[in-house]
Amino acid sequence: MTISIPALAEQLKPYVGRSERSDLGVMRKEMFQRFAVAADNLNPIFFEPEAARAAGYVDTIAPPLFLSAVRNWQSGPPQDSLRPDGTTSHEFAFLPLEGLRIMGGGQDLELHAPLTNGTRVSMELRLEGIELKQGRSGDLLLIKVTQIYRDDADRPLVTCRETFIAR
Amino acid sequence: MHAHQLCFEDVKRGAALTPLVKHPTTVQLFRFSAITWNAHRIHFDKPYAATEGYPDVLVQAHLHGSFLYQAVADWAGPRARVLRFGWQNRGIAVPGDVLTCTGKVTKAEDGTVECELEERNQKGDLCASGWARVELPRRG
Numbered sequence: 002m003t004i005s006i007p008a009l010a011e012q013l014k015p016y017v018g019r020s021e022r023s024d025l026g027v028m029r030k031e032m033f034q035r036f037a038v039a040a041d042n043l044n045p046i047f048f049e050p051e052a053a054r055a056a057g058y059v060d061t062i063a064p065p066l067f068l069s070a071v072r073n074w075q076s077g078p079p080q081d082s083l084r085p086d087g088t089t090s091h092e093f094a095f096l097p098l099e100g101l102r103i104m105g106g107g108q109d110l111e112l113h114a115p116l117t118n119g120t121r122v123s124m125e126l127r128l129e130g131i132e133l134k135q136g137r138s139g140d141l142l143l144i145k146v147t148q149i150y151r152d153d154a155d156r157p158l159v160t161c162r163e164t165f166i167a168r
Numbered sequence: 014m015h016a017h018q019l020c021f022e023d024v025k026r027g028a029a030l031t032p033l034v035k036h037p038t039t040v041q042l043f044r045f046s047a048i049t050w051n052a053h054r055i056h057f058d059k060p061y062a063a064t065e066g067y068p069d070v071l072v073q074a075h076l077h078g079s080f081l082y083q084a085v086a087d088w089a090g091p092r093a094r095v096l097r098f099g100w101q102n103r104g105i106a107v108p109g110d111v112l113t114c115t116g117k118v119t120k121a122e123d124g125t126v127e128c129e130l131e132e133r134n135q136k137g138d139l140c141a142s143g144w145a146r147v148e149l150p151r152r153g
């Protein structure tokens, strides 16, 4: 499968500035506690309500990177629709990025409020901009997105800015 | 282990954060991929990772970020609030590496501090760099 990166850049232009909002479901403490365990961060504010209250929170909170680290909140694509390297562009919902290899390499997070057990979360994904670049091994497309995670009262929890490299 | 609490009055520009040392393992990488629903084979399939030229499976971008976040949050203490945090991956890390997260305060003003962060492996190679803005409680 060959995809022309400059052609894709043209195709993506009308999407710049557009956003789409999706429901990520109800967050359970068991899930964010597993994330904390996997990250080897056993801070009691993630596990013990008393420790969280002593720190000024109403209940145990999620590690702040949890929301923006999870790649997919639904079942995800079946195995035979993953690429040979196991990746997918499924998480970019409304953007026509099928067939591209997309890599992230860091994020910039504004942490507005903590995530607690039982919160229903939505995520707004906005395409901020695209930039065509010449890499050592050919054309690259830099895809700048903002993801805003909000709770069920529409309060922002995390704003995540990230630039992906597509090739 | 997390009882320590830093107060704004304790911090000056140029102060060093308490270093945090991490020893990522293949089991840790597997569990991190599982909980983030990340099927990218470079993180759990060593023969596949070799086809992309890597010596072993790679520590995930967000695991580097999580280590740097923990370094700043543990240093600041549970009553501090990290308002902004970011990181950029700069180099690979594999199981068996010893990753040391360090940082220094670049600004201390009006109850908040800004920090620059680094994660380096046992050879001193930069694996990730980061930044944070943290609100600290006042003493008393």
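Residue numbers (this note's numbering), protein chains in the order written: chain A, 2 to 168; chain B, 14 to 153. Glycine is no exception: its CB is placed at the ideal position from the N, C-alpha and C atoms. Predicted model only: the values in this text are computed from it and were never measured.
For residue i, count the other beta carbons within 10 Å of its own beta carbon; 16 or more makes it buried, fewer makes it exposed. Which is it?
i, result
"B:Ala47", "exposed"
"A:Pro79", "exposed"
"A:Val122", "buried"
"A:Arg156", "exposed"
"A:Leu9", "buried"
"B:Gly99", "buried"
"B:Gln41", "buried"
"B:Asp110", "buried"
"A:Gly18", "exposed"
"B:Glu132", "buried"
"A:Phe95", "exposed"
"A:Gly139", "exposed"
"A:Pro65", "buried"
"B:Pro60", "exposed"
"B:Gln73", "buried"
"A:Gln34", "buried"
"B:Ala29", "exposed"
"B:His17", "exposed"
With DSSP as the reference, please indicate the residues paired to residue i in a beta bridge.
i, result
"B:Phe98", "A:Leu110, B:Ala145"
"A:Thr147", "A:Arg127, A:Arg162"
"A:Gln135", "A:Asp140"
"A:Arg22", "A:Glu125"
"B:Gly116", "B:Leu130"
"A:Ile103", "A:Ala167"
"A:Ile62", "A:Thr117"
"B:Ala121", "B:Val126"
"A:Pro7", "In DSSP, A:Pro7 forms no bridge with anything."
"A:Val38", "Paired residues: none, contrary to the question."
"B:Leu33", "B:Cys114"
"A:Val27", "A:Arg121"
"A:Pro157", "A:Arg151"
"B:Leu139", "B:Arg133"
Hey, residue i and residue j are a contact pair by Cβ (cut 8 angstroms); roughly how many whole angstroms apart?
i, j, result
"B:Leu96", "B:Glu148", "6 angstroms"
"A:Asp86", "B:Ile55", "7 angstroms"
"A:Leu141", "A:Arg168", "5 angstroms"
"B:Ala63", "B:Leu71", "B:Ala63 to B:Leu71, Cβ: 11 angstroms. No contact."
"A:Val71", "B:Trp50", "6 angstroms"
"A:Gln108", "A:Glu49", "Contact flag wrong, Cβ pair sits at about 28 angstroms."
Cα separation between residue i and residue j?
i, j, result
"A:Ala56", "A:Ile62", "11 angstroms"
"A:Thr120", "A:Met28", "5 angstroms"
"B:Met14", "B:Ser79", "Note that B:Met14 scores 46 on pLDDT, short of 50, meaning its location in the model is unreliable; the coordinates nonetheless yield the value given after this. About 18 angstroms."
"A:Gln75", "B:Gly116", "37 angstroms"
"B:Pro150", "A:Glu125", "32 angstroms"
"A:Lys145", "B:Gly153", "44 angstroms"
"B:Asp138", "B:Gly104", "8 angstroms"
"A:Met32", "B:Pro37", "21 angstroms"
"A:Glu21", "B:Lys25", "43 angstroms"
"B:Thr119", "B:Cys20", "16 angstroms"
"A:Ser23", "A:Tyr150", "10 angstroms"
"B:His75", "A:Pro15", "30 angstroms"
"A:Arg137", "A:Val59", "50 angstroms"
"A:Ser69", "B:Ala86", "18 angstroms"
"B:Ala121", "B:Gly27", "9 angstroms"
"B:Arg44", "A:Ala154", "32 angstroms"
"A:Ala39", "B:Pro108", "14 angstroms"
"A:Asn118", "A:Gly26", "12 angstroms"
"A:Gly77", "B:Ala52", "10 angstroms"
"A:His113", "B:Gly124", "17 angstroms"
"B:Gln135", "B:Thr113", "8 angstroms"
"B:Gln83", "A:Gln148", "22 angstroms"
"A:Pro7", "A:Gly130", "14 angstroms"
"A:Gln12", "A:Arg84", "22 angstroms"
"B:Thr39", "A:Phe67", "20 angstroms"
"B:Ser142", "A:Asp152", "30 angstroms"
"A:Arg54", "B:Lys35", "28 angstroms"
"A:Phe199", "A:Ser5", "Residue 199 of chain A falls outside the range modelled here, since chain A spans only 2 to 168, and no answer is possible."
"A:Thr88", "A:Glu51", "40 angstroms"
"B:Cys140", "A:Lys30", "30 angstroms"
"A:Asp41", "B:Pro32", "15 angstroms"
Residues of chain C with CB under 8 angstroms from residue i, in chain order?
i, result
"A:Glu111", "Looking at the structure shown, chain C is missing, and the protein chains on hand are A and B."
*So does the region 85-102 of chain B actually touch the region 40-53 of chain A, counting three or more Cβ pairs closer than 8 angstroms?*
yes
_the region 54-70 of chain B touching the region 124-133 of chain B, judged by at least three CB pairs closer than 8 angstroms_ = no
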